[in-house]
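All remarks here apply to the structure that follows.
Protein chains in written order, with the working numbering: chain Z, 105 to 350; chain B, 1150 to 1243.
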């Protein structure tokens, strides 16, 4: 039986900490879990192998209350607008998914494709880890596998705030930034570009497609998960040592 | 440190910062939006390059990976790309 935790808003550190706490819960025999969440305040997450100083305008983020956090998954820097996206995580025993990492990306991403299709948006999976519409990216995901547990998390873009997105990213020259925004507009898209629906409807569509064919129940974090998450947020994800290790 | 950045074809962006001592690699940091499983093996992966001569680097790295029986899954790049970038940094001069 899958446990489904529906959209909650947390800060960046708690969001990453909750994902890790759920991994520990699943490792210790807890139910596989699907979680939908949002970010408040808006934040930038960077991939495990990225350098904060190379990727993020930390000064701009600090001045504007935008958190910066390193993920435990690889992949690129993502701007998580507090109103502009839905993030998901799928956390389950590794053996519930194909051994091939790329095949497991494909499997989980197909749930997103199905969710978008149910609101009238035709998208497709583009290996390695993207979902695209006419070559424009609408969703990106990242995966890690540790201690027999698979964690895949990713975002589905609901609306775009490209100006803030590219101010958060480290671009020294305004001209380059303008070019990047124009170029990004041709490479990135969002649900709002195709249909005018409330974000709750997108959430419900994803919930239905992720749960399709599964035995599942709505659930919440256990007290232990919450305690683990609070500990990890404070002692790992908020620390300079973690966020600036590369 | 010399930095070389490359978007790997059908892969990810990889950036290396490398330092040489004579014709040997004395420091290497690999960053980017790639994936590596398990993630923590990036440290050992970088370590393999330390002290190696640039000449014949690829075969030395491959031998070392086999010798150490390291099971690393790289997605979006591979060790050949890193070797090629190190060679580029070497050609450009530190």
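By construction, the Cβ of each residue, glycine as well, lies at the ideal position given by its N, Cα and C atoms.
So what does DSSP say about residue i, is it helix, strand or coil?
i	result
residue 349 of chain Z	coil
residue 127 of chain Z	helix
residue 1181 of chain B	strand
residue 222 of chain Z	coil
residue 209 of chain Z	helix
residue 1154 of chain B	strand
residue 1163 of chain B	strand
residue 268 of chain Z	helix
residue 198 of chain Z	helix
residue 1215 of chain B	helix
residue 114 of chain Z	strand
residue 288 of chain Z	helix
Note down the Cα distance separating residue i from residue j, rounded to an integer number of angstroms.
i	j	result
residue 253 of chain Z	residue 1157 of chain B	29 Å
residue 164 of chain Z	residue 271 of chain Z	7 Å
residue 261 of chain Z	residue 240 of chain Z	11 Å
residue 1173 of chain B	residue 230 of chain Z	39 Å
residue 179 of chain Z	residue 1163 of chain B	11 Å
residue 339 of chain Z	residue 134 of chain Z	24 Å
residue 242 of chain Z	residue 127 of chain Z	26 Å
residue 1242 of chain B	residue 1154 of chain B	15 Å
residue 1165 of chain B	residue 190 of chain Z	33 Å
residue 309 of chain Z	residue 209 of chain Z	19 Å
residue 1203 of chain B	residue 1175 of chain B	11 Å
residue 168 of chain Z	residue 1161 of chain B	30 Å
residue 1178 of chain B	residue 142 of chain Z	33 Å
Could you work out which residue in the options is closest to residue i when comparing CA atoms only?
i	options	result
residue 251 of chain Z	Z:198, Z:238, Z:266 and Z:213	Z:198
residue 201 of chain Z	Z:183, Z:237, Z:162 and Z:247	Z:247
residue 269 of chain Z	Z:309, Z:123 and Z:170	Z:170
residue 1233 of chain B	B:1213, B:1222, B:1198 and B:1189	B:1198
residue 376 of chain Z	Z:211, Z:209, Z:195 and Z:330	In this structure chain Z extends from 105 to 350, so residue 376 of chain Z is not present and cannot be described.
residue 1195 of chain B	B:1240, B:1237 and B:1227	B:1227
residue 326 of chain Z	Z:125, Z:106 and Z:118	Z:125
### Task
Would you list, in sequence order, the uninterrupted beta strand (DSSP E) runs of no fewer than 3 residues that lie entirely inside the region 302–343 of chain Z?
320–322
### Task
Pair every Cβ in the region 231–239 of chain Z with every Cβ in the region 109–120 of chain Z, then say whether three or more of these pairs are closer than 8 Å.
no
#### Entry: Given 8 Å, three or more beta-carbon pairs between the region 206–219 of chain Z and the region 314–333 of chain Z
yes
### Query
Looking at C-beta atoms only, is the number of pairs between the region 1202–1214 of chain B and the region 183–194 of chain Z that lie closer than 8 Å three or more?
no
### Query
Unbroken beta strand (DSSP E) runs of length 3 or more, entirely within the region 129–178 of chain Z: which are they?
137–143, 147–150 and 171–174
### Query
Should the region 288–308 of chain Z be regarded as contacting the region 330–346 of chain Z, the criterion being three or more beta carbon pairs within less than 8 Å?
no
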